[in-house]
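Presented below is the structure to which this report refers.
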Ligand code: ZN
């Protein structure tokens, strides 16, 4: 645990208490061993004059929705201290009333809700208060003799309190326990199974207390020989059968959640080490590292042994039982699917509605796995009892946090593969898919594809679609990263130069057939087993107006595209029984692609005696067709608007007499 305080950095806002608060909050937030994804909170007490010239004592405390790593001054709503202290003296206070009272005592009604720990921050009689869920301290606490161990480690200068529910109940509990103490005797409070509070009148000292306390716990773990050594390396999952099992697990979880969801396989050294443990059924069934994590990860993972899909169903029925057993009146069961799973001997899986959610679960998971394995070496992992975890999981304020993050885009959680994705229609399709909530494997023969899309929702894969082994390895990356395949957009193509039939170069013809026709059959064939496990699976072929309305000199292109269209029609017949829809688009005159440079456009326009604008809009509707228009229609075909359509051919050409 490194002390990141730098006098030179802090000096620039030494007189500005709020900026100093921002500075050390960010120092805490930068260390994932202290806080993760919105966890932890900090505050500073400032006395200032209000509009009426009266002096007011205020608590600037972390606002909900802000993350310590990136927090700024507006992330600290100011709440009147006297109201918070009065609240601590109440006998009972519901969560909703607590939020309402805190809001009524804010000096800026537009600021975010204060942290649920605001009352506790107010009660601690020091200017700066820091709170984290430090891994090392919570790990020690989550062992059979955790409390005793912590008392021996920290001695007299630490208050150690048992776990109670965060929020008003915790504030009230600490209030009662600290009524008669001399606060100057202490450097901090450890809340068992939860985290650490430190405090001081100086930002630097409160922060340093936090670092020292955590460093001490880390050193102890190390001394006890509980630091982790790597396990045996497990081979990456590669067999098609394993990948199909993965896709069927993801399908089952999506069905239980009633929403397409992603699933990521983790086979990093820590996940592998964990998956190799002999006592998984005990250590994986205890509970999370700190109760705060439960809203992201649920209490425990599914254990995928021996039949992975049946294990998901078993988890679901056990979760429903857990809810029935612990529920209070008026509570509704959350979706009962697991948020993560351990696949014995293989690795771990995370489930989520978006790649961002997968990332959050993965981060929390890394810390949880490490903590569990360390605690096992310190006498055994024991998390909080089920009832306490349930209370937090079904806490109305925690539920509210999750609802804020809910997204409802049409293709949310869908997994797509787009070929020819580096430019033109393919690239536009990738952009439209991610805008609608899908994740995408964007494949192209151009190596630039690997970095073309700077988002965690896309994996760019260099792939020659005429090479079957390339297609399989792209699918392997897609399935291990996102869990399956719902949408195939078969778009890769080439536009050969014009030649009449008797003058056709054989190599040119063969190349067009290979790319514009055969590769589409190869890609579809490799994708079918995964599409069968997809959620409302759909295939869209990007063909051409040349199919219904061919032109002179374009036989190598038009014949291949006509073959592709016939392939799509047969696929629609063959795959309907599996619920897979197959439709074809016939775009025309899409000029915002790489082949249509200004120079080429001008030449073609001149050839017809037209201006560029007239040339671009040579259709019945006199409209210009862009890659993004084709992409929007492609997404519609993949989504609910065309859920009951298969085998269709749809022009997107602005209207053409020969086609009509
Ligand atoms: Zn906390």
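In my numbering, the protein residues as written are 97 to 756.
Built from N, CA and C at the ideal position, the CB exists for glycine as well.
Three-state secondary structure assigned by DSSP to residue i
i: residue 566; result: helix
i: residue 525; result: helix
i: residue 461; result: helix
i: residue 220; result: coil
i: residue 722; result: coil
i: residue 341; result: helix
i: residue 442; result: coil
i: residue 448; result: strand
i: residue 657; result: helix
i: residue 245; result: helix
i: residue 360; result: strand
i: residue 423; result: coil
i: residue 87; result: Outside the shown range of the chain, which is 97 to 756, sits residue 87, and nothing can be said about it.
i: residue 736; result: helix
i: residue 486; result: helix
i: residue 192; result: helix
i: residue 176; result: strand
i: residue 745; result: strand
Backbone CA spacing between residue i and residue j [nearest angstrom]
i: residue 450; j: residue 536; result: 11 Å
i: residue 452; j: residue 244; result: 39 Å
i: residue 160; j: residue 193; result: 16 Å
i: residue 725; j: residue 447; result: 32 Å
i: residue 360; j: residue 106; result: 41 Å
i: residue 265; j: residue 427; result: 20 Å
i: residue 109; j: residue 115; result: 6 Å
i: residue 172; j: residue 205; result: 12 Å
i: residue 627; j: residue 682; result: 23 Å
i: residue 138; j: residue 260; result: 19 Å
i: residue 271; j: residue 246; result: 22 Å
i: residue 419; j: residue 354; result: 19 Å
i: residue 483; j: residue 392; result: 17 Å
i: residue 169; j: residue 124; result: 16 Å
i: residue 734; j: residue 667; result: 16 Å
i: residue 507; j: residue 586; result: 18 Å
i: residue 233; j: residue 315; result: 11 Å
i: residue 253; j: residue 369; result: 37 Å
i: residue 717; j: residue 624; result: 38 Å
i: residue 554; j: residue 528; result: 12 Å
i: residue 423; j: residue 689; result: 57 Å
i: residue 479; j: residue 403; result: 27 Å
i: residue 199; j: residue 676; result: 51 Å
i: residue 341; j: residue 574; result: 14 Å
i: residue 296; j: residue 255; result: 15 Å
i: residue 476; j: residue 730; result: 54 Å
Counterpart residues of residue i in DSSP-defined beta bridges
i: residue 139; result: 157, 225
i: residue 540; result: 558
i: residue 294; result: 226, 284
i: residue 152; result: 144
i: residue 210; result: 159
i: residue 679; result: 636
i: residue 436; result: 446
i: residue 515; result: 539
i: residue 257; result: 287
i: residue 686; result: 721
i: residue 585; result: 514, 636
Neighbourhood of residue i by C-beta, 8 Å cutoff - its chain only, sequence neighbours within 5 removed
i: residue 604; result: 592, 593, 595, 652
i: residue 298; result: 223, 224
i: residue 145; result: 151, 152
i: residue 143; result: 151, 152, 153, 154
Beta-carbon proximity list for residue i, same chain, < 6 Å, skipping 5 on both sides
i: residue 279; result: 221
i: residue 470; result: 235, 317, 322
i: residue 237; result: 288, 289
i: residue 534; result: 507, 510, 512
i: residue 347; result: 629
i: residue 489; result: 390
i: residue 637; result: 586, 660, 664, 680
i: residue 415; result: 432
Residue-chain proximity (residue i, chain D), Cβ-Cβ < 8 Å
i: residue 405; result: Here chain D cannot be found, since the structure has a single protein chain.
Same chain, Cβ closer than 7 Å to residue i, neighbours up to 5 away in sequence not counted
i: residue 612; result: 589, 590, 653, 656, 657, 660
i: residue 456; result: 133, 392
i: residue 377; result: 399
i: residue 745; result: 661, 680, 682
i: residue 615; result: 561, 562, 588
Residues with C-beta closer than 6 Å to any heavy atom of ligand 1, in chain order: 227, 229, 262, 290, 291, 388
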